[in-house]
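The structure appears below as structure tokens.
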Amino acid sequence: MKKKLLAIVSVICALVCSLSLAACGKTDGPTTTGTLNKDENGNVIFEDVEFKLMSVVSGTDKAQFLEIIDSFNKSHRGEINVVVDTLYNDTFDETVQGQIKNRMNPPDLIMSHSSGHLNYLDNKLIQPFDETMELSGITVDMSNYAQGFSKYSSLGVDGKLYSIPSDAQSTIILYNKTLLSKYSETVPSTRAEWLDVSNKAKTGEGKEPILMSTTDGSTRDYIFPTAYLQNGGTMYASDNHAEWSSNATNQDAMKKAIASIRDLATNGLMQKGQSKEAVSAKFVADEAVFYIVTPWEVSEIISNYAKSHNKTVAQVKADDIGAMSTSKMFAMGDNANSANAEKIFCDSHGFMMSTTVTDINKKAAILEFIKWFTETGSIGARWAEAGHISLSNTINNDATYKQNDFVNNYISKFYPNIAKLEGLGNTPLANTMTSCFGQILTDALKNNTDTSDATIIAEQEKKYNEAYDFSKM
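Just so we're aligned, residue 448 is where the sequence shown starts under this note's numbering, counting upward by one.
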């Protein structure tokens, strides 16, 4: 009887294994079921595969994003269909993680800010792409992506690929071509040149040299970390704690980052406390030379300028509004000549696959879509028009991408070298860190001197580290 029972168990186990690509009895990895149909060249044949994508893209760039998804569905009709939904950033992670945990209409693919991806892994809500790449032959090579982001794609698990970077965005600088030409024959490429032009503008015809909304969170959250990186700072230590005050090099970088922005105000080059709407209106009215802003607002600014001056958008791009990078613009003293001076702090979008996906055909379809989105030049160009630079070298070297009007005249000027773009990396408290950085700048700019800077920096370091320690209890 015992032998008969063992034989029955063996048959059942063999049957289960034949229906699933997961090893019989395997419990330490994602479940994979089904089989792939391939052509004579080894390419996967997709037949009416559908998956759900949940994206954090929900602002002014949402319409462009949905158009891109629609173009994928049309070009893959009868093969793959992507059903997309979007959520605002402030509720995204909590909602999506709850959907996956509770198996309540969970997404198959997640496109969200890469700085928050570690939390999904910590909560065992995502699975690696490695098995799917091996079985499907659809591969995504991280050496082809900007190393400032791809180096975090394993989320700290050696040999695994959990997060695939897509694009990045940071604060950029627009300039009024007519006004700039009065003070310089060339576009500034260093802080010294930028300040020289700005000082000439200040003493010239009464125009504001530099516009930036210090009350706008988006601008502040990018510009201050950029200044910190350019002055040699490190976001967090190897144990994920902040050392902005307790580490001498980081404290010096913090103080110089504050000074790089405060000096613009105290020297009369920039006004503090202005709203985004106010500074945008001034720039459109030809009242300032430079405008520090976020890239997804550029199209609207150009459009408003065209309407205000009774011009076409093409005329404005050609004659009125130019683009330059924040690279090197906040490096102080000896840092101006260091490799750090070229760094630009960015947020980024990246893709993750939910643990709820089991069918190998759906997993392969997800990879096919990611590869299409992150390695197709024409798609990268369309996404760039919404303010996002591709992190893929394939796209950045593609002729279609480089010849795109917006990429050529704006995106490539904002981000001249994707190898110099840096993100937060694998920190479990990305939002808290961003908040602390923003608070340092906000509090520091209340003063015209640096007498309180050390205290302000120490307070926010303590706040972050206490939050981190609490999260690990």
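Idealized CB from N, CA, C, for every residue including glycine.
inquiry  = So, under 8 Å CB-CB, Ile708 and Phe671 are touching, yes? Tell me the CB distance rounded to an integer number of Å.
reply    = Counting from one through the sequence shown, the residue named residue 708 turns up at place 261. Counting from one through the sequence shown, the residue named residue 671 turns up at place 224. Going by Cβ atoms, the distance from Ile708 to Phe671 rounds to 7 Å, so yes, they are a contact pair.
Quiz item: With DSSP run on the structure shown, which of helix, strand or coil describes Asp699?
Solution: By 1-based counting over the sequence shown, the position of residue 699 is 252. Of the three classes helix, strand and coil, the one that applies to Asp699 here is helix, per DSSP.
Quiz item: Touching or not, the region 760 to 767 and the region 678 to 690, by the rule of three or more beta carbon pairs under 8 Å?
Solution: no
query: Can you give the Cα-Cα distance for Ile739 and Asp577, rounded to whole angstroms?
result: Indexing the sequence shown from 1 puts residue 739 at position 292. Indexing the sequence shown from 1 puts residue 577 at position 130. Spanning the two alpha carbons is a distance of roughly 41 Å.
Length at least 3, wholly inside the region 612 to 648: the beta strand (DSSP E) runs in chain order = 619 to 623
query: Between Phe777 and Ala674, is the Cβ-Cβ spacing less than 7 Å?
result: Position 330 of the sequence shown, counted from the start, is the residue given in the question as residue 777. Position 227 of the sequence shown, counted from the start, is the residue given in the question as residue 674. Closer than 7 Å, so yes.
task: Tell me Glu797's beta-bridge partners as DSSP assigns them.
output: In the sequence shown, residue 797 corresponds to position 350, counting from 1. Correcting the residue identity first, residue 797 is Gly in this sequence and not Glu. In DSSP, Gly797 forms a bridge with Ser559, Pro612.
Quick one: grab the DSSP three-state call for Tyr752.
-> Position 305 of the sequence shown holds residue 752. Three-state DSSP puts Tyr752 in a helix.
Which runs of the alpha helix (DSSP H), 4 residues or longer, sit entirely within the region 518 to 578? 536 to 548, 564 to 569
Assigned exposure category for Tyr535 - 16 Cβ within 10 Å defines buried:
Taking the sequence shown and counting its residues from 1, one reaches residue 535 at position 88. The residue in question, Tyr535, is exposed, as its Cβ has fewer than 16 Cβ neighbours within 10 Å.
Quiz item: Quick one, which of Val644, Leu621, Ala639, Glu724 has its alpha-carbon nearest Glu632's?
Solution: Locating residue 632 in the sequence shown gives position 185, counting from the first residue. Among Val644, Leu621, Ala639, Glu724, the Cα nearest to that of Glu632 is on Val644.
Thinking just about the alpha-carbon of each residue, which of Val491, Asp486, Ala788 is nearest to the one in Ile807? Position 360 of the sequence shown, counted from the first residue, corresponds to residue 807. It is Val491.
Strand pairing of Ser837, partner residues [DSSP]: Here residue 837 is taken as the residue at index 390 of the sequence shown, counted from 1. Per DSSP, Asp614.
State the Cα-Cα distance for the pair Phe519 and Phe816, rounded to the nearest angstrom. Counting from 1 along the sequence shown, the entry for residue 519 is found at position 72. Counting from 1 along the sequence shown, the entry for residue 816 is found at position 369. Looking at the two C-alpha atoms, the distance is approximately 8 Å.
| field | Inter-residue spacing [alpha-carbon to alpha-carbon] between Asn843 and Ile858 | value | Residue mapping note: residue 843 aligns to position 396 of the sequence shown, counting from 1. Residue mapping note: residue 858 aligns to position 411 of the sequence shown, counting from 1. Approximately 11 Å between the Cα atoms of the pair.
Handout entry: Where Pro477 sits in the DSSP three-state scheme
Key = On the sequence shown, position 30 is the one that residue 477 refers to. If DSSP states are grouped into helix, strand and coil, Pro477 belongs with coil.
Does the distance from the CB of Tyr609 to the CB of Ile585 come in under 7 Å?
For the purposes of this step, residue 609 is taken as residue 162 along the sequence shown, with counting starting at 1. For the purposes of this step, residue 585 is taken as residue 138 along the sequence shown, with counting starting at 1. No; because the gap between Cβ atoms is not below 7 Å, this pair is not in contact.
Discussion item. Taking the alpha carbon of Ile557 as the reference point, which residue from Tyr862, Leu876, Ser837, Leu814 has its own alpha carbon closest?
Written reply: Residue numbering aside, residue 557 sits at position 110 when the sequence shown is read from its first letter. Of the listed residues, the one whose Cα sits closest to Ile557 is Leu814.
**OP:** Sort Glu655, Ser918, Leu888 by Cα distance to Lys702 and report the nearest one.
**Re:** Position 255 of the sequence shown, counted from the first residue, corresponds to residue 702. If we check each option's Cα against that of Lys702, Leu888 comes out closest.
**Message:** Could you compute how far the alpha carbon of Val543 sits from the alpha carbon of Asn646?
**Reply:** If you number the sequence shown from 1, residue 543 lands on position 96. If you number the sequence shown from 1, residue 646 lands on position 199. C-alpha separation (whole angstroms): 49 Å.
Exercise for review: Could you pull the start and end residues of the beta strand (DSSP E) that Gly769 belongs to?
Suggested key: Taking the first residue of the sequence shown as 1, we reach residue 769 at position 322. Segment 768 to 771, the beta strand (DSSP E) holding Gly769.
- Contact check, Ser505 vs Thr533 under 8 Å by CB: the rounded distance? Sequence index remark: in the sequence shown, residue 505 carries index 58 (1-based). Sequence index remark: in the sequence shown, residue 533 carries index 86 (1-based). The pair is a contact, with the Cβ atoms about 4 Å apart (cut-off 8 Å).
Where Phe596 sits in the DSSP three-state scheme = Start at 1 with the first residue of the sequence shown, and residue 596 comes out as number 149. Correct three-state label for Phe596: helix.
- request: Along the beta strand (DSSP E) that carries Pro656, what are the first and last residues, could you check?
  value: Numbered from 1 along the sequence shown, position 209 holds the residue referred to as residue 656. 655 to 658 is the extent of the beta strand (DSSP E) around Pro656.
Query raised in the report: Residues in its own chain within less than 8 Å of Ala732 by CB, not counting five upstream and five downstream?
Result: By 1-based counting over the sequence shown, the position of residue 732 is 285. Within the same chain, Ala732 has close Cβ partners Ser755.
ask   = So what does Asp806 bridge to, in DSSP terms?
value = Position 359 of the sequence shown, counted from the first residue, corresponds to residue 806. DSSP output for Asp806 lists Thr480 as bridge partner(s).
At a threshold of 6 Å, does Phe884 count as lining the ligand SAH (C-beta to nearest heavy atom)?
Inclusion of the ligand SAH in the displayed structure is not the case, the ligand content being empty and no account of it being possible.
Which residue's Cα is closest to the Cα of Gly664: Lys723, Thr482, Glu497, Met717? Mapped onto the sequence shown, residue 664 falls at position 217. Ranking Lys723, Thr482, Glu497, Met717 by Cα distance to Gly664 puts Lys723 first.
By how many angstroms is the C-alpha of Asp900 removed from the C-alpha of Asn894? Locating residue 894 in the sequence shown gives position 447, counting from the first residue. Locating residue 900 in the sequence shown gives position 453, counting from the first residue. Asn894 and Asp900: Cα-Cα distance of roughly 9 Å.
Checklist line | Through-space distance from Ser522 to Arg550, alpha-carbon basis | finding: In the sequence shown, the residue the question calls residue 550 occupies position 103. In the sequence shown, the residue the question calls residue 522 occupies position 75. Approximately 31 Å, taken between the alpha carbons.
### Message
Using a 10 Å radius around the Cβ and a threshold of 16 neighbouring Cβ atoms, would you call Met880 buried or exposed?
### Response
By one-based count along the sequence shown, residue 880 stands at place 433. So Met880 ends up on the buried side.
Query - Neighbourhood of Leu568 by C-beta, 7 Å cutoff - its chain only, sequence neighbours within 5 removed - result: Stepping through the sequence shown from its first residue, residue 568 is reached at position 121. Cβ neighbours of Leu568 beyond the five flanking positions: Leu602, Tyr609.
Does the Cβ of Asn851 have 16 or more other Cβ atoms within 10 Å, making it buried, or fewer, making it exposed? Residue 851 sits at position 404 when you count from the first residue of the sequence shown. It counts as buried.
### Query
Is Glu497 helix, strand or coil when you go by DSSP?
The residue given as residue 497 occupies position 50 in the sequence shown. In the structure shown, Glu497 sits in a strand (DSSP, three-state: E or B).
| Neighbourhood of Met799 by C-beta, 7 Å cutoff - its chain only, sequence neighbours within 5 removed | For the purposes of this step, residue 799 is identified with residue 352 of the sequence shown, where counting begins at 1. Cβ within range, chain order: Ile557, His564, Tyr567, Ile573, Tyr609, Ser610.
- Query: How many Å lie between Trp743 and Ala639 at the Cα?
  - Reply: Within the sequence shown, the letter at position 296 stands for residue 743. Within the sequence shown, the letter at position 192 stands for residue 639. Taking the straight line joining both Cα atoms gives about 27 Å.
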